[in-house]
Amino acid sequence: METLKILKTRKDELVEKTLEIMPTTLSGDLANRTFFFKIDEETNELTVDYLYYLGQQQLSDNCFYTIKDHETPSPEEFGYDNIEEMDFDACGYTQHIEESIEDTILNLELFED
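According to the numbering used here, the sequence shown is numbered sequentially starting from 35.
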């Protein structure tokens with residue numbers, strides 16, 4: 035399965051690209067935000083984007099990390115004035131994303147058999 039291979043072999047890239055878009059993703063109204071990846075078949079370039087939604091959503095296999103509306107960080111809790119200033123790596127989000135990717139890999143492997 036191509037999705038599983040990408041999650042396993044390009045995890046660092048997924049984390050890096052997710053951290054890059056976190057300020058934009060978390061700005062605005064409270065909602066669930068699910069991060070997913072796309073691969074350009076010609077260039078093999080990986081892109082991370084997000085889905086912004088309320089309620090429940092059926093997610094595809096390429097979705098690897100979700101921040102629920104009630105889990106949206108408050109910049110003040112981390113000592114920042116606004117979300118754009120936040121260093122998400124320093125605030126522990128690298129670990130959260132990595133754990134979520136690992137959980138996604140395990141779930142996909144369970145259903146692959």
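Backbone N, C-alpha and C define an ideal beta-carbon position, used for all residues, glycine too.
In this text the structure is predicted, and so the values were computed from the model without any measurement.
- Contact annotation: the region 80 to 87 touches the region 56 to 71, with at least three C-beta pairs closer than 8 angstroms.
- With 16 or more other Cβ atoms inside 10 Å of its own Cβ, F98 counts as buried.
- Here DSSP, grouped into helix, strand and coil, assigns N141 to helix.
- The shortest CA-to-CA distance from Q92 to any of F112, P109 and N66 is the one to N66.
- Boundaries of the alpha helix (DSSP H) around K42: E36 to T43.
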